[in-house]
Amino acid sequence: MWAVVFDLDGVLVDTAKLHAEAWRRLAGELGISLSEEFLRSLRGLNRMDSLDRILEWGGRTEVGPAERERLAERKNRWYVESLEHLTPRDVLPGVVELLDGLAFYRVPVAVASSSKNARLVLERTGLAKRFSVVVDGNAVLRAKPDPTIFLEAFRRLGVFPQDGVVVEDAASGVEAARRAGARVVGVGRPEELPGADLVVSDLRELTVARLKALVDSAAP
Ligand code: BG6
Ligand code: MG
């Protein structure tokens, strides 16, 4: 049996830009300006790791733990507010077709997301009913690029990671998936996703057969 584990933000749903907007707003209040490239490098990292990187980038390492908690909560409030406008139209191109294909062939699928808001995003976009296995930022303490989240998703699916494919838009997620022993499809720009076995611009480029071929190409 083989399986596919999907990242959520930026792979299934167009929420990566909402995270980026909220971080940019918070950094702006701190007098820190963030480039698009820097914001992309935050993808996949959990909330506190992202904030730590921003404060380091902005030379604000003196900010203490209690203030960091407050800042992270502030960013999350804005992010959750922006989710109120989320609908099934925010599901990214090719996602529904690919999930339909995988369901037709009874290929098990899971979501593995660093976000503590993953369930809310899945509910609002109508994707929740398609996934019996969801491992999110509430379930896993060690964040990507640590492989734990993907190992846990494959464990719950009852499939060896070596027999699986992960679909990821973040460099930290590609690294985590490789460390878990799975094949990896990167979604985005090849130069920003080193280590991916295949890189696509979006899920319209993926088919069940293409994913299966990737699993079959894995070294025995
Ligand atoms: C990931 C996003 O899926 O979840 C990151 O790519 C985000 O940008 C992380 O920081 C944590 O999300 P949340 O909703 O728990 O703050
Ligand atoms: Mg992502």
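Sequential numbering from 130 applies to the sequence shown in the numbering used here.
A virtual CB, placed ideally from N, CA and C, is assigned to each residue, including glycine.
Please read all numbers here as calculations on a predicted model, not as lab measurements.
Give the single residue among ALA239, ASP265, PRO237 whose Cα lies nearest to the Cα of ARG248.
On the sequence shown, residue 248 is found 119 positions in, with the first residue counted as 1. The shortest Cα separation from ARG248 among ALA239, ASP265, PRO237 belongs to ASP265.
Assign ALA272 to one of three DSSP states: helix, strand, or coil.
As a working mapping, residue 272 is identified with position 143 in the sequence shown. Looking at ALA272 - three-state DSSP - the assignment turns out to be coil, as it is neither helix nor strand.
Determine the DSSP secondary structure at ALA239, reduced to helix, strand or coil.
Along the sequence shown, one-based indexing puts residue 239 at 110. Strand, per DSSP.
Hey, could you find the ends of the alpha helix (DSSP H) VAL225 is sitting in?
The sequence position of residue 225 within the sequence shown is 96, counting from 1. Its alpha helix (DSSP H) spans residues 224-233.
DSSP puts GLU297 in a beta bridge; with which residues?
Taking the first residue of the sequence shown as position 1, residue 297 is located at position 168. Beta-bridge pairing links GLU297 to GLY315.
Can you round the beta-carbon distance between ASP326 and VAL314 to whole angstroms, since I take them to be within the 8 Å contact cut?
Counted from its first residue, the sequence shown places residue 326 at position 197. Counted from its first residue, the sequence shown places residue 314 at position 185. ASP326 to VAL314, Cβ: 7 Å. Contact.
Give the list of continuous alpha helix (DSSP H) stretches no shorter than 4 residues that lie fully inside the segment 160-203.
Entirely contained in the segment 160-203, the alpha helix (DSSP H) runs reaching 4 residues are, in chain order, 165-170, 176-186.
Hey, out of VAL238, PRO276, ALA311, whose CA is closest to SER346's CA?
Residue numbering aside, residue 346 sits at position 217 when the sequence shown is read from its first letter. Comparing Cα positions, the closest option is ALA311.
At a cut-off of 7 Å, would you count ASP219 as near the ligand BG6, judging by its Cβ distance to the nearest heavy atom?
Stepping through the sequence shown from its first residue, residue 219 is reached at position 90. No.
Are there 16 or more other CB atoms within 10 angstroms of the CB of ASN267, so buried, or fewer, so exposed?
Residue 267 sits at position 138 when you count from the first residue of the sequence shown. So ASN267 ends up on the exposed side.
Please determine, among PRO194, SER170, LYS204, the residue with the shortest C-alpha to C-alpha distance to ARG154.
For the purposes of this step, residue 154 is taken as residue 25 along the sequence shown, with counting starting at 1. Comparing Cα-Cα distances from ARG154 to each of PRO194, SER170, LYS204, the minimum goes to LYS204.
Ignore the nearest five residues each way along the sequence and tell me which others in VAL224's own chain have a CB closer than 7 Å to its CB.
In the sequence shown, the residue the question calls residue 224 occupies position 95. Result list for VAL224: LEU141, LEU332, in chain order.
Using the Cα positions of ASP408 and VAL192, report the straight-line distance between them to the nearest angstrom.
Lying outside 130 to 349, the shown extent of the chain, residue 408 is not represented and no answer is given.
Mind listing which residues have their beta carbon within less than 7 Å of any non-hydrogen atom of the ligand BG6? Chain order is fine.
Going along the chain, the residues that qualify are ASP136, LEU137, ASP138, GLY139, ALA145, HIS148, LEU171, ARG172, GLY173, LEU174, ASN175, ARG176, SER179, ASN205, TYR208, SER242, SER243, SER244, LYS245, ASN246, GLY266, ALA299.
What residue does the alpha helix (DSSP H) around PHE283 start on, and which one ends it?
For the purposes of this step, residue 283 is taken as residue 154 along the sequence shown, with counting starting at 1. Per DSSP, PHE283 belongs to the alpha helix (DSSP H) from 277-286.
How far does the beta strand (DSSP E) with LEU327 in it extend, from its first residue to its last?
The count along the sequence shown starts at 1 and reaches residue 327 at position 198. Note, LEU327: beta strand (DSSP E), 327-329.
Within the 8 Å Cβ cut-off, does ALA156 reach chain D?
The chain labelled as chain D is not found in the depicted structure, where only one protein chain is given.
Report whether the distance from the Cβ of GLY315 to the nearest heavy atom of the ligand MG is below 7 Å.
The residue labelled residue 315 in the question sits at position 186 within the sequence shown. No, Cβ of GLY315 sits at least 7 Å from all heavy atoms of the ligand MG.
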